[in-house]
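Trainee: Below you will find the structure I want to go over with you.
Numbering (UniProt numbering), first residue to last: 1 to 503.
Given below as structure tokens:
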């Protein structure tokens, strides 16, 4: 029986299992990074295997169907989860109400996608797309049952359970997908991979989460959540259009094969962003929320997080830009070589996307989701306009427009965060300039080495370039990065070690 609570019925109970402040952020960051490294590593290996077995146009079909599913997941579930995570101490009523809200909204969302599949197939002129959309629409229902469990663990920085969820679900889903592809089942293998991954993830989260939902619905909590979630949902919708409208336009105007090639070009870039940046962003929202009213400490956390992230991501993305031809030839094969220019162009600005996540997190933590909504609306409008103009000129033009838009509009995102934290541009640029310069120096060194040795595409060249790049960048960091900056790493490691010691 559903128990209904009014504002007067809400009991604000402290959670007995709140994480210990000292070391919890560092420990959460480590587990979050391990989660993403393992999950994305497994996903990428599975992609490499499937890319050898399947044609680009099948990946194009899957990309469109997943975009449709992801739109509803982002707008509905992510907004509700974010409204809970950003609270300092959410109550049981908040979590129960959020869970029931997700379940209620999931049903009509699933029905809309399922019954509009044929309409979307006719609109996109891709035979068989309707069946793919109907198959992946099940993910909407499954996700609604587990998103609040994920939010519960995220708020407590319990990323170990999330890591187990990711590794288990992605691994089993990948095994199913590869087996079916090997049996010649084509697009069915990709759909089943996604569905199995989602189902296993939900089961794992329910087993791993101590909190269990109850049929208790608080209208006060629901209204408060909706007031915040509407901004997050609008932001999520516009951010979704901002990030994925290029795939839609390419599929519509150039076909599913072109969409598959373009998606492959962005795949490694997105994987790196997920591994190196999203992991830290998952920790940053609850971490930033804990110091949201302590401006000086918040400012310090933000600047350190930005520096820590770009120190890792700048050499990775700029290095990938230089090595794109070798990486594509060796890992994906000849039939994917058209994706090389896309990978080169998109990866050149990938590190900007990685540090931009913190700007959005600051707006949420400082309770300015309206700024976030307006910003992502600006991004979406400019993206859709630019892509609509340039899609007819091919994949390279689309990639260029994507990267240039990212570069030119990033200062707007940064200004929002800097204004909310009273950070000057001089302070901010001091965090990001040196790693970018070091990454460019690394690429110049690699170019000089490859030219002098006359190396040709092959595993020897790729491995030598990676090793030499690490040495060049490492020397640059040791020589030019101030010692107090490098102390960020040692302090984080020390916090994790102290947390592991028995009290």
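All C-beta atoms in this analysis are idealised placements derived from N, C-alpha and C, irrespective of residue type, glycine included.
Label residue 179 either buried or exposed according to how many other C-beta atoms from any shown protein chain fall within 10 Å of its C-beta, with 16 as the threshold for buried.
Mentor: Its Cβ having fewer than 16 others within 10 Å, residue 179 is exposed.
Trainee: Measuring CA to CA, which of 129, 134 and 98 is closest to residue 111?
Mentor: That would be 134, whose Cα lies nearest to the Cα of residue 111.
Trainee: Measuring straight from C-alpha to C-alpha, what distance separates residue 383 and residue 351?
Mentor: Their Cα atoms are separated by approximately 19 Å.
Trainee: So, at 6 Å on beta carbons, what are the nonlocal neighbours of residue 396 in its own chain, with the 5 sequence-adjacent residues on each side left out?
Mentor: Here the set comprises 341.
Trainee: Take residue 241 and list the residues in its own chain whose beta-carbon comes closer than 7 Å to its own, dropping the five residues that flank it on each side.
Mentor: Once the five neighbours on either side are set aside, the close Cβ partners of residue 241 are 380, 383 and 384.
Trainee: If you run the structure through DSSP and keep just helix, strand and coil, what is residue 137?
Mentor: Here residue 137 sits in coil by DSSP.
Trainee: If residue 217 and residue 144 are in contact, beta carbons under 8 Å, what's the gap, nearest whole angstrom?
Mentor: Between residue 144 and residue 217 the Cβ distance is about 15 Å, and since that is not below 8 Å, they are no contact.
Trainee: Determine, using beta carbons only, whether residue 402 and residue 263 come nearer to each other than 7 Å.
Mentor: Not in contact: residue 402 and residue 263 (Cβ atoms no closer than 7 Å).
Trainee: Decide yes or no for the touch test of the region 302-322 against the region 422-440: beta carbon pairs closer than 8 Å, at least 3 of them.
Mentor: Touching, per the Cβ criterion.
Trainee: Considering only the beta carbon of each residue, do residue 107 and residue 233 sit closer than 7 Å?
Mentor: Contact flag unset, no.
Trainee: Less than 8 Å between the CB atoms is what I'm expecting for residue 54 and residue 186, so what's the real figure, rounded?
Mentor: Going by Cβ atoms, the distance from residue 54 to residue 186 rounds to 7 Å, so yes, they are a contact pair.
Trainee: On the CB-based measure, 16 or more other CB atoms within 10 Å of its CB, does residue 1 come out buried or exposed?
Mentor: Residue placement at residue 1 is flagged as unreliable, the pLDDT there being 46, under the threshold of 50; a coordinate-derived value is accordingly withheld.
Trainee: Output the distance between the C-alpha atoms of residue 387 and residue 243, rounded to the nearest integer angstrom.
Mentor: Spanning the two alpha carbons is a distance of roughly 11 Å.
Trainee: Using 6 Å as the cut-off, classify the Cβ of residue 136 as near or not near the heavy atoms of the ligand FAD, replying yes or no.
Mentor: This structure lacks the ligand FAD, and indeed carries no ligand of any kind.
Trainee: Classify residue 227: buried if its beta carbon has 16 or more other beta carbons within 10 angstroms, exposed otherwise.
Mentor: Burial call: exposed.
Trainee: Give the single residue among 40, 38 and 212 whose Cα lies nearest to the Cα of residue 94.
Mentor: Among 40, 38 and 212, the Cα nearest to that of residue 94 belongs to 212.
Trainee: Is residue 453 helix, strand or coil when you go by DSSP?
Mentor: Three-state result, residue 453: helix.
Trainee: Can you give the Cα-Cα distance for residue 320 and residue 344, rounded to whole angstroms?
Mentor: Each residue's Cα considered, the two are about 7 Å apart.
Trainee: Please state if the CB of residue 238 and the CB of residue 149 are separated by a distance shorter than 7 Å.
Mentor: No, these two residues do not count as a Cβ contact at 7 Å.
Trainee: Please state if the CB of residue 70 and the CB of residue 275 are separated by a distance shorter than 7 Å.
Mentor: No, the pair does not count as a contact, with Cβ atoms beyond the cut-off.
Trainee: DSSP on residue 459, reduced to helix/strand/coil?
Mentor: Looking at residue 459 - three-state DSSP - the assignment turns out to be helix.
Trainee: Does any residue of chain C bring its CB to less than 7 Å from the CB of residue 110?
Mentor: The structure shown has no chain C; it contains just one protein chain.
Trainee: Taking its Cβ as the centre, do 16 or more other Cβ atoms sit within 10 Å of residue 147, making it buried, or is it exposed?
Mentor: Residue 147 should be labelled buried.
Trainee: According to DSSP, simplified to helix, strand and coil, what is residue 146?
Mentor: Looking at residue 146 - three-state DSSP - the assignment turns out to be coil, as it is neither helix nor strand.
Trainee: Label residue 12 either buried or exposed according to how many other C-beta atoms from any shown protein chain fall within 10 Å of its C-beta, with 16 as the threshold for buried.
Mentor: With a pLDDT of only 38 at residue 12, under the threshold of 50, the placement of this residue in the model should not be trusted; the figure read from the coordinates follows. Result: exposed.
Trainee: So, for residue 181: in the same chain, excluding its five sequence neighbours on each side, which residues have a beta-carbon less than 7 Å away from its beta-carbon?
Mentor: Closer than 7 Å at the Cβ level, and outside the excluded window around residue 181, lie 50, 53, 54 and 189.
Trainee: Note down, in chain order, each residue of its chain lying with its Cβ closer than 6 Å to the Cβ of residue 455, except the 5 sequence neighbours on either side.
Mentor: Here the set comprises 461.
Trainee: In the DSSP assignment, find the alpha helix (DSSP H) that holds residue 110 and state where it starts and stops.
Mentor: Unbroken alpha helix (DSSP H) run through residue 110: 92-115.
Trainee: Using the Cα positions of residue 484 and residue 157, report the straight-line distance between them to the nearest angstrom.
Mentor: Residue 484 and residue 157: Cα-Cα distance of roughly 27 Å.
Trainee: Would you kindly check if the distance between the Cβ of residue 332 and the Cβ of residue 465 is under 7 Å?
Mentor: In this structure, residue 332 does not lie closer than 7 Å to residue 465 by Cβ.
Trainee: Determine the closest residue to residue 394 out of 249, 336, 170 and 138, with distance taken between C-alpha atoms.
Mentor: For residue 394, the nearest C-alpha among the options comes from 249.
Trainee: For residue 314 and residue 442, I'd like the C-alpha separation in whole angstroms.
Mentor: In a straight line, the C-alpha of residue 314 is about 11 Å away from that of residue 442.
Trainee: Considering only the beta carbon of each residue, do residue 84 and residue 151 sit closer than 7 Å?
Mentor: In contact: residue 84 and residue 151 (Cβ atoms closer than 7 Å).
Trainee: Could you name the residues of the same chain whose beta carbon sits closer than 7 Å to that of residue 141, not counting the 5 residues immediately before and after it, in chain order?
Mentor: Closer than 7 Å at the Cβ level, and outside the excluded window around residue 141, lie 106 and 110.
Trainee: Measure from the alpha carbon of residue 229 to the alpha carbon of each residue in 364, 64, 457 and 467, then state which is nearest.
Mentor: The candidate whose alpha carbon is nearest that of residue 229 is 364.
Trainee: As a quick exercise: from 422, 415, 222 and 104, pick the residue whose alpha carbon is nearest that of residue 298.
Mentor: It is 422 whose Cα lies nearest to the Cα of residue 298.
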